[in-house]
Amino acid sequence: MELKKINEYTWEIPKSGNMKVPTIIYASARLLDDIKRDLTLHQAKNVACLRGIQRTAYVMPDAHQGYGFPIGGVAIFDMDEGIISPGGVGYDINCGVRLLRTDYSERDIQEKRKELLAEIFRAVPAGVGKSGITRLNRNVLLEVCVKGAEWAIENGYGTKEDLIRTEEYGRMKGADPRYLSQRAIERGIPQLGTLGAGNHFLEIQKVSEIYDQQVAQVFGIDSEGQILVMIHCGSRGLGHQVASDYIRSMENKFGIRGLPDRELINAPIRSGLGQQYYKSMCAAVNYAFANRQMIAHWVRDVFAKVMGSSEGMDQIYDVCHNVAKFEKHKINEQLKEVCIHRKGATRSFGPGREEIPDVYRSVGQPVIIPGSMGTASYILAGTEEAERLSFGSTAHGAGRVMSRHEARRRFRGERIKEELERKGIELECTSWRGVAEEASQAYKDVDEVVRVSHEVGIGKLVARVVPVGVMKG
Amino acid sequence: MQKYRFLSHTADAKFQAFGKTLEEAFSNAALATASLMWDPKKIEKKKELQVEIAGNDIKQLLNCFLEEIIYLLDSKMFLLSSAEKVRVKKEGSRYSLKALFRGDEYSNKYEIHGNIKAITYNEMKVEKRDHFMVQVVVDV
Numbered sequence: 001m002e003l004k005k006i007n008e009y010t011w012e013i014p015k016s017g018n019m020k021v022p023t024i025i026y027a028s029a030r031l032l033d034d035i036k037r038d039l040t041l042h043q044a045k046n047v048a049c050l051r052g053i054q055r056t057a058y059v060m061p062d063a064h065q066g067y068g069f070p071i072g073g074v075a076i077f078d079m080d081e082g083i084i085s086p087g088g089v090g091y092d093i094n095c096g097v098r099l100l101r102t103d104y105s106e107r108d109i110q111e112k113r114k115e116l117l118a119e120i121f122r123a124v125p126a127g128v129g130k131s132g133i134t135r136l137n138r139n140v141l142l143e144v145c146v147k148g149a150e151w152a153i154e155n156g157y158g159t160k161e162d163l164i165r166t167e168e169y170g171r172m173k174g175a176d177p178r179y180l181s182q183r184a185i186e187r188g189i190p191q192l193g194t195l196g197a198g199n200h201f202l203e204i205q206k207v208s209e210i211y212d213q214q215v216a217q218v219f220g221i222d223s224e225g226q227i228l229v230m231i232h233c234g235s236r237g238l239g240h241q242v243a244s245d246y247i248r249s250m251e252n253k254f255g256i257r258g259l260p261d262r263e264l265i266n267a268p269i270r271s272g273l274g275q276q277y278y279k280s281m282c283a284a285v286n287y288a289f290a291n292r293q294m295i296a297h298w299v300r301d302v303f304a305k306v307m308g309s310s311e312g313m314d315q316i317y318d319v320c321h322n323v324a325k326f327e328k329h330k331i332n333e334q335l336k337e338v339c340i341h342r343k344g345a346t347r348s349f350g351p352g353r354e355e356i357p358d359v360y361r362s363v364g365q366p367v368i369i370p371g372s373m374g375t376a377s378y379i380l381a382g383t384e385e386a387e388r389l390s391f392g393s394t395a396h397g398a399g400r401v402m403s404r405h406e407a408r409r410r411f412r413g414e415r416i417k418e419e420l421e422r423k424g425i426e427l428e429c430t431s432w433r434g435v436a437e438e439a440s441q442a443y444k445d446v447d448e449v450v451r452v453s454h455e456v457g458i459g460k461l462v463a464r465v466v467p468v469g470v471m472k473g
Numbered sequence: 474m475q476k477y478r479f480l481s482h483t484a485d486a487k488f489q490a491f492g493k494t495l496e497e498a499f500s501n502a503a504l505a506t507a508s509l510m511w512d513p514k515k516i517e518k519k520k521e522l523q524v525e526i527a528g529n530d531i532k533q534l535l536n537c538f539l540e541e542i543i544y545l546l547d548s549k550m551f552l553l554s555s556a557e558k559v560r561v562k563k564e565g566s567r568y569s570l571k572a573l574f575r576g577d578e579y580s581n582k583y584e585i586h587g588n589i590k591a592i593t594y595n596e597m598k599v600e601k602r603d604h605f606m607v608q609v610v611v612d613v
C-alpha cells in the first residue's frame, strides 16, 4: 500500500482504485509502526471507498484494527448521498469518559485512600450478577433512553450543572427507543448503573503536571496533587445489541455482496433503516450518559461519607468516543451538515463552537484521554485547527498492541497488583485474569499518543494525571 | 480431536472450534465463547433452555447462535455449561438451528473472569476439510 509522508506526523494513503477520498493518518514514526502491524490501514482504505464520504478519511494516532472501520477512525458523509454504519460507531455505543474534579489534594486523602477505593468498589456495581439499581421496568428504561443524563438528574443522581458539562448536554435529541429490539431492552434493564468489564475502569487520580495553567483553571484544575476521579464505560449490553441488531437488519435488507468486510454494512442516512439505526443509536448514547451520571453520583456519595464532604466535586466534562452525529463542518469552504462517525475518537471542538457550553467556549472543550490501567491519563483542549485537520476530532486512549491471550500468558493479575502498590497505586478488581489482560504493557504508549495530538494541533495538552486508586470491572 | 483453540488477536479474542460435523463445531464454538467469561466445566447443568435460531447464511447463523449465550447471560444471568443436541437445517437459502443449552443461573459460587461485548464477522470462517472448522473473533 502506498503511504506518502506529508510531514513528521502526517501520512497519506493517496486516492486509488475505489477510494473516493484520500486517507490521512496522524502518527509519529513509532506509532505508525504499531499501526502497520495489523489491518488498520487496510480498513481505513475501505472506509474511504464508502458512498458519500467527504474530503478525507482520518486515522488517529492511537488507531488499531477494528471491525469494518478501524478503531481511531473519523469519517464524514454527505446527508443526501452518504451512509450511516453501525460498524463506524462500534459495538460499545457512547463508550466514553467522565471526569470529576475535587477540592482535595493527594495529602488530604493519603490516609483514606484505601477506604475510598474499597467503598467505591462497594457502591459502583461491576461484574455479572450486580445490578445498578432495583430492577427497572421496561417503561423506565425507555424513558432513560429518551432523556439520558437528564433522567438521572430528575431521579436524584447529580445536579443540572453536570448536564452543562456533558457532551450533547447528556441527551441526544434524536433518540427513539421504539426502534430498540426486545433483546436490547432486556439486556439494558439489569445493567443500568454498572461499570462493566474489559477495558472499562474507574480511577482516583492526582494531577501530576499542568501544561497550560490558564486553560486548566477554566476546567477546574488548580494545582499539581489535586485529586480527580475518572469514569470510563459505555452503554453496556443495550448498546452492543443495537449494533448487532442493525448490522443484521442492514445485511438482510441490502445484502453483503461486494462488501470487503461484513461490518462495513451501512444504510443511506435518509433511508428508513438508516434513520432507525440512528434513533436507536441515540437511545444507546443516552443510556450510557445516564449510566455514567449514576456512577458519578455514587462516587460523590462515597467521598461525602469517607471524607466528610463532596463539595467542589464538579464535573469537568463527559465525552463520548464511539458515536455518529449530525454536525456542521467546512467542505470546500462551505459550512454544511454532515454525518460524522467517530469510532475510538474524541470530539475536539475549539473555542467558539456553539456545541460547547459557555463555560468552555473561550478555551475549547475539555478532551479526556484515558491511559491504560495504572498509567497516566491526559486532559487536552479542543482546537480550531482540529476542525480543519480532523473534523474536530482527536485520539481516545492508548490502544492495544498485545492480545489479551498473550497478556494473560505473560502477566499475572496478583503480581500486577503488587507492582502497582509499590508505585503507590491501590487496585480493586472483579477478576485477576481481567487485570492481567489489561496490563499496561499490552497497550500503546499513551504519552506518545497525546504528544502527537498536541504537535499536530488536533488537541492541545492541558494536564497530565496519574492514578492513586484503580477500580477495574 | 481438539475442541477449540485460541489464536492471537491484538484487541480481541479469536478462536477456532472443530467438529466431525458442523453441529459439533458449533457446539464447541459455544464452549469457546463461554470459556472467555467462565469455565464451562465448572458450571452445573441445573437448567435447560431450548434455543431456536435462524440466519440468512451460515455465518449469520453462527453469529446469532453465539450471541444467544451473551443475551442469556445479560438478561437471565444464565451461564452455559454445554450446547447439546445442535441441529442445523437448510431451508431454501435460509438456515435454522435448534439446540439445548444446559447450565445454571449465576450465583456467588461461580467465578466470572471476562466479558464479551459482541460476536463479530471479522475473519469469520466456516470451513469443511477433513472435519469442520469455524473461526470467530469476539469483541471483548
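Each protein sequence line maps, in turn, to chains S and V. So the first sequence is residues 1 to 473, counted in the working numbering. So the second sequence is residues 474 to 613, counted in the working numbering. Cβ coordinates follow ideal geometry from the N, Cα and C atoms, glycine included.
Requested in this report: Quick one: grab the DSSP three-state call for Gln54(S).
Outcome: Coil, per DSSP.
Query raised in the report: From the beta carbon of His405(S), is the nearest beta carbon of chain V less than 8 angstroms away?
Result: Yes, His405(S) lies at the interface with chain V (some Cβ there is under 8 angstroms from its Cβ).
**Report entry** One or two residues paired with Ile526(V) in a DSSP bridge
**Finding:** Its beta-bridge partners are Leu570(V).
Query raised in the report: Quick one: what does DSSP say Trp11(S) is sitting in, helix, strand or coil?
Result: Annotated three-state conformation of Trp11(S) is strand, per DSSP.
Query raised in the report: Sorted by chain position, which residues of the same chain lie with C-beta nearer than 7 angstroms to Gly158(S)'s C-beta, five sequence neighbours on each side aside?
Result: Short of 7 angstroms from the beta carbon of Gly158(S), and not among the five residues preceding or following it, lie these beta carbons of its own chain, in chain order: Ala152, Gln293, Ala296 and His297.
Query raised in the report: For Ala27(S) and chain V, any beta-carbon pair shorter than 8 angstroms?
Result: It does not; no Cβ of chain V falls within 8 angstroms.
Requested in this report: Identify each residue in the region 54–74 of chain S for which the Cβ-Cβ distance to at least one residue of chain V is less than 9 angstroms, and report them in chain order.
Outcome: Listed by position along the chain: His64, Gln65, Gly66, Tyr67, Gly68 and Ile71.
Query raised in the report: Nearest chain A C-beta to Gly587(V) closer than 8 angstroms, yes or no?
Result: Reference to chain A is not applicable here, since the protein chains of this structure are S and V.
Query raised in the report: Name the DSSP beta bridge partners of Met471(S), please?
Result: Met471(S) pairs with Leu202(S) and Glu428(S).
Query raised in the report: Between Asp62(S) and His396(S), which are expected to be in contact by the criterion C-beta below 8 angstroms, what is the C-beta distance as a whole number of angstroms?
Result: Confirmed, about 6 angstroms.
**Report entry** Closer than 8 angstroms to chain S by CB, Glu540(V)
**Finding:** Closer than 8 angstroms: yes.
Report task. Please list, in chain order, all residues of the same chain as Thr56(S) whose beta carbon is under 6 angstroms from its beta carbon, the five residues on each side excluded. Result -> Result list for Thr56(S): Val21, Pro22 and Ile24, in chain order.
Query raised in the report: Per DSSP, Cys474(S) is paired with what?
Result: This structure cannot settle anything about residue 474(S), because the visible part of chain S is limited to 1 through 473.
Query raised in the report: Cα separation between Met474(V) and Leu504(V)?
Result: Going by the C-alpha atoms only, they are around 15 angstroms apart.
Requested in this report: Please go through the same chain and pick out, in chain order, the residues whose beta-carbon is closer than 8 angstroms to the beta-carbon of Gly234(S), but skip the five residues on each side of it.
Outcome: Within the same chain, Gly234(S) has close Cβ partners Asp92, Ile93, Asn94, Cys95, Gly96, Gly196, His200, Ala288, Asn291 and Asn322.
Query raised in the report: Which residue comes first and which comes last in the beta strand (DSSP E) that contains Gln226(S)?
Result: From DSSP, the beta strand (DSSP E) with Gln226(S) extends over Gln226 to Cys233.
Requested in this report: Could you pull the start and end residues of the beta strand (DSSP E) that Phe69(S) belongs to?
Outcome: First-last for Phe69(S): undefined, no H or E at that position.
Query - Reference Glu584(V); option with closest CA among Ile516(V), Val613(V) and Asn529(V) - result: Cα-wise, what sits closest to Glu584(V) is Ile516(V).
Query raised in the report: If you compare alpha carbons, which of Ile84(S), Lys423(S), Arg51(S) and Val59(S) is closest to Ser453(S)?
Result: For the residues Ile84(S), Lys423(S), Arg51(S) and Val59(S), the minimum Cα distance to Ser453(S) belongs to Val59(S).
Query raised in the report: From Glu437(S), Ser181(S) and Ser362(S), pick the residue whose C-alpha is nearest to that of Phe411(S); which is it?
Result: Of Glu437(S), Ser181(S) and Ser362(S), the residue nearest in Cα terms is Glu437(S).
Query raised in the report: For the region 489–512 of chain V, which residues have a CB atom closer than 7 angstroms to at least one CB atom of chain S, in sequence order?
Result: Here the close residues number zero.
Query - CA nearest to the CA of Ile6(S), picked from Val229(S), Gly82(S), Ala27(S) and Cys282(S) - result: The option with the nearest alpha carbon to Ile6(S) is Ala27(S).
Query raised in the report: Secondary structure at Cys339(S), three-state DSSP: helix, strand or coil?
Result: Note: Cys339(S) maps to strand in three-state DSSP.
Report task. With DSSP collapsed to three states, give me the class of Ile76(S). Result -> The answer is strand: DSSP assigns Ile76(S) an E or B state.
**Report entry** Terminal residues of the beta strand (DSSP E) in which Arg478(V) lies
**Finding:** Residues Tyr477 to Leu480.
Query raised in the report: Relative to chain S, which residues along the region 533–563 of chain V have a C-beta separation below 9 angstroms, given in chain order?
Result: The residues in question are Gln533, Asn536, Cys537, Glu540, Ile543, Tyr544, Leu546, Asp547, Ser548, Lys549, Met550 and Leu552.
Requested in this report: Can you check DSSP and say which residues form a bridge with Met606(V)?
Outcome: DSSP lists Phe491(V) and Glu600(V) as the beta-bridge partner residues of Met606(V).
Report task. Determine whether the Cβ of Asp612(V) lies closer than 8 angstroms to any Cβ atom of chain S. Result -> Yes, Asp612(V) lies at the interface with chain S (some Cβ there is under 8 angstroms from its Cβ).
Query - Cβ-based contacts, 8 angstroms cut-off: residues of the region 72–100 of chain S near chain V - result: Sequence-ordered contacts of the region 72–100 of chain S with chain V read Tyr91 and Asp92 [C-beta pairs closer than 8 angstroms].
**Report entry** Contained alpha helix (DSSP H) runs [length at least 4] in the region 144–199 of chain S, N- to C-terminal order
**Finding:** The region 144–199 of chain S contains these whole alpha helix (DSSP H) runs: 149–154, 160–164 and 182–188.
Query raised in the report: Given Glu203(S), which residues of its chain have a CB within under 6 angstroms of its CB, disregarding the five upstream and five downstream residues?
Result: Cβ neighbours of Glu203(S) beyond the five flanking positions: Met230, Pro467 and Val470.
**Report entry** In DSSP terms, what Met368(S) is bridged to
**Finding:** Position check: residue 368(S) holds Ile in this sequence, whereas Met was assumed. Ile368(S) has Ile379(S) as its beta-bridge partners, per DSSP.
**Report entry** At least 3 beta-carbon pairs within less than 8 angstroms: the region 62–72 of chain S vs the region 250–270 of chain S
**Finding:** In this structure the region 62–72 of chain S touches the region 250–270 of chain S; the number of beta carbon pairs closer than 8 angstroms is three or more.
**Report entry** Local Cβ density within 10 Å of Ala527(V), reported as buried at 16 or more and exposed below that
**Finding:** So Ala527(V) ends up on the exposed side.
Query raised in the report: I think Ala161(S) touches Asp314(S), with their Cβ atoms under 8 angstroms apart; what is that distance to the nearest whole Å?
Result: The amino acid occupying residue 161(S) in the given sequence is Glu; Ala does not appear at that position. Right, their Cβ atoms sit about 7 angstroms apart.
Report task. In the DSSP assignment, find the unbroken beta strand (DSSP E) run with Thr23(S) in it and report its ends. Result -> Note, Thr23(S): beta strand (DSSP E), Thr23 to Tyr26.
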